[in-house]
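S.K.:
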Amino acid sequence: MKLLIQLPNSASTSKYPKSFPQPLNLSCLYSDGDILFDMALECYKQKKDEIFGIIDSYINKINNISGATEIIVNAGDYAPDAAYSEYFEYFLDNNKNNIKLIGSYAEIYKDKIEDKYKNVKCEKHDYRFPNYFAINHGIYPLVGGKIKASIRATYGCPRECAMCPVPIIHNKKYEFYDIGSIVLNISKLYNLGVRYITFIDDNLAVSPKFKRLLEEIKKLNLKGVKFHCQEGFEVSSIDKELCLLLKETKFDDIKIAFENIKPEFLKLIKKSYITPEVIYNSAEILRETKLDAKSFFLMGLDETEEDIFDNLKFFAEYGLKLRVNIIRDYNNDFSKQSEKKISEARFKQLKAFAYSVGFFNEMGINIFKGKEDLKKKGYILTDETIEGKTKFGFQTCRFETGVEFIYNKKIKENNGKSIRF
Numbered sequence: 108m109k110l111l112i113q114l115p116n117s118a119s120t121s122k123y124p125k126s127f128p129q130p131l132n133l134s135c136l137y138s139d140g141d142i143l144f145d146m147a148l149e150c151y152k153q154k155k156d157e158i159f160g161i162i163d164s165y166i167n168k169i170n171n172i173s174g175a176t177e178i179i180v181n182a183g184d185y186a187p188d189a190a191y192s193e194y195f196e197y198f199l200d201n202n203k204n205n206i207k208l209i210g211s212y213a214e215i216y217k218d219k220i221e222d223k224y225k226n227v228k229c230e231k232h233d234y235r236f237p238n239y240f241a242i243n244h245g246i247y248p249l250v251g252g253k254i255k256a257s258i259r260a261t262y263g264c265p266r267e268c269a270m271c272p273v274p275i276i277h278n279k280k281y282e283f284y285d286i287g288s289i290v291l292n293i294s295k296l297y298n299l300g301v302r303y304i305t306f307i308d309d310n311l312a313v314s315p316k317f318k319r320l321l322e323e324i325k326k327l328n329l330k331g332v333k334f335h336c337q338e339g340f341e342v343s344s345i346d347k348e349l350c351l352l353l354k355e356t357k358f359d360d361i362k363i364a365f366e367n368i369k370p371e372f373l374k375l376i377k378k379s380y381i382t383p384e385v386i387y388n389s390a391e392i393l394r395e396t397k398l399d400a401k402s403f404f405l406m407g408l409d410e411t412e413e414d415i416f417d418n419l420k421f422f423a424e425y426g427l428k429l430r431v432n433i434i435r436d437y438n439n440d441f442s443k444q445s446e447k448k449i450s451e452a453r454f455k456q457l458k459a460f461a462y463s464v465g466f467f468n469e470m471g472i473n474i475f476k477g478k479e480d481l482k483k484k485g486y487i488l489t490d491e492t493i494e495g496k497t498k499f500g501f502q503t504c505r506f507e508t509g510v511e512f513i514y515n516k517k518i519k520e521n522n523g524k525s526i527r528f
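Reading the sequence shown from the start, the letters are residues 108 to 528 in the numbering used here.
What follows is the structure, encoded as structure tokens:
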């Protein structure tokens, strides 16, 4: 009997039902009679202090279980999870049992972990073929009232982008699984009541097989099903046929990895394309097909503020929704070798402004056209006030940040119906 343990982490994948991690790595190792503890599920939406208490309670459970031939602990199904290691490290600091550690954190930091924890052995396993039917999908957070399942169609990624942990984890290997098997698993999950399916692949659209998979999914004609990919689609993969297939197969929350429009930046992170034409062409296709998608914007290297504003003006010109990231290091030092012309504190301010640009884009307002576009949307403007809807729940700060940029003034009052400077 194996004891299988899924650890929690604080990554965005653990916060939202669409991408909430189900224990796929552990399902590859599961056999009848094994015990699976999903700590991530119990920690869902819990406060930080409470999560540490939950980890302590599971360590006590582990100590009281007898008969386990081995204890296997999973620290991250997604490659970026390794950047959020606080809960992983807390568990390792307090667990005294001999364990085998798997997952993205173990793959990237193997030497550091085994040097620090003599009771921990980092192991590689073949995660390519999860046992989707070892997971009780009904106990996980629903997505819009729908039961969700996570699924894989690929292994690794053929690219070698310098800012990404995937080449380290998968040793630069890549495989697209048999399309018939993927479609069969989707059908089986549908028959179990699953109506929302998340692909957790690192670069799902890079292979032409992805379009063939979408064609086969379309033939299934599954009623009420939506699909989602946790990671972004490579911008060079975007064409009109793909966009239309994504719409026809009801793909949800689509993200496109534009990264950055500056060739010098793209060269530094070793993208497969370094010409702006690829990026502008993809943006035109998104506009033409009216595909509802977010755009990944990456910053944090050898950039000036002018470079960042050039990027934001591009995203504003095409009215693109934004998902903004600052580069992280994963056991490599490439970003440290680049001279940083902007401080970390200023990067965070610019990240907040970038989200404000994206928010205004979704309103149909180009923030760089300022008052002109605000007027077109029905706002009544004077030198000291803006009248119209001015509060937007948790995104009010993004609206206010944009307004302060447009007016170059600090807001004194926002009562929801008007802003006063």
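Every residue, glycine too, gets a C-beta built ideally from N, C-alpha and C.
Values in this document were obtained by computation on a predicted structure and should not be read as measured data.
(1) Around the Cβ of Lys378, are there at least 16 other Cβ atoms within 10 angstroms (buried) or fewer (exposed)?
(2) Just the Cα atoms here: how many angstroms apart are Glu397 and Phe403?
(3) Return the chain-ordered list of same chain residues with a C-beta closer than 6 angstroms to the C-beta of Gly263, the five sequence neighbours on each side being excluded.
(4) Starting from Asp141 and walking both ways along the beta strand (DSSP E), at which residues does that stretch end?
(5) Measure the C-alpha to C-alpha separation of Asn132 and Phe240 and round it to an integer number of angstroms.
(6) Please state the DSSP three-state secondary structure of Gly263.
(7) Can you have a look at Thr176 and say buried or exposed, based on whether 16 or more other CB atoms are within 10 angstroms of its CB?
(8) Given this structure, state the Cα-to-Cα distance separating Tyr194 from Asp200, to the nearest angstrom.
(9) According to DSSP, which residues form a beta bridge with Thr305?
(10) Does the contact criterion of 3 or more C-beta pairs under 8 angstroms hold for the stretch 339-358 versus the stretch 371-389?
(11) Given Lys347, which residues of its chain have a CB within under 8 angstroms of its CB, disregarding the five upstream and five downstream residues?
(12) Quick one: what's got a C-beta closer than 8 angstroms to Ser211's C-beta in the same chain, skipping five residues either side?
(13) Do the stretch 295-306 and the stretch 326-340 make contact, defined as three or more Cβ pairs closer than 8 angstroms?
(14) Just how far apart, CA to CA, sit Leu148 and Tyr247?
(15) Around the C-beta of Phe365, are 16 or more other C-beta atoms found within 10 angstroms, so that it is buried, or is it exposed?
(16) Give me the residue from Tyr380, Asn522, Ala461, Gly500 with the minimum Cα distance to Cys268.
(17) Any idea if Gly339 is buried or exposed, counting beta-carbon neighbours within 10 angstroms, 16 or more meaning buried?
(18) Is it the case that the stretch 493-513 contacts the stretch 467-477, given that we only count it when at least three CB pairs across the two stretches are under 8 angstroms?
(19) Apart from the five residues just before and just after Ser288, which ones in its own chain have a Cβ nearer than 6 angstroms to its Cβ?
(20) Among residues of its own chain, excluding the 5 on either side of Val431, which ones have a beta-carbon nearer than 7 angstroms to its beta-carbon?
M.R.: Let me spell this out:
(1) buried
(2) Looking at the sequence shown, residue 397 is not Glu but Lys. Using only the alpha carbons, I get a separation of about 17 angstroms.
(3) Taken in chain order, the residues that qualify are His277, Lys280, Tyr281.
(4) Element bounds for Asp141: n/a, residue is neither H nor E.
(5) 13 angstroms
(6) strand
(7) Result: exposed.
(8) Just so you know, the alpha carbons of Tyr194 and Asp200 end up roughly 10 angstroms apart.
(9) Ser257, His335
(10) Because the criterion of three Cβ pairs below 8 angstroms is met, the stretch 339-358 and the stretch 371-389 touch.
(11) Ile392, Glu395, Thr396
(12) Ala182, Gly183, Asp184, Tyr185, Ala186, Pro187, Asp188, Ala189, Pro272, Ile276
(13) yes
(14) Leu148 and Tyr247: Cα-Cα distance of roughly 7 angstroms.
(15) By the neighbour-count definition (other C-beta atoms within 10 Å, threshold 16), Phe365 is a buried residue.
(16) Tyr380
(17) Under this definition Gly339 is a buried residue.
(18) yes
(19) none
(20) Phe404, Lys458, Ala461, Tyr462
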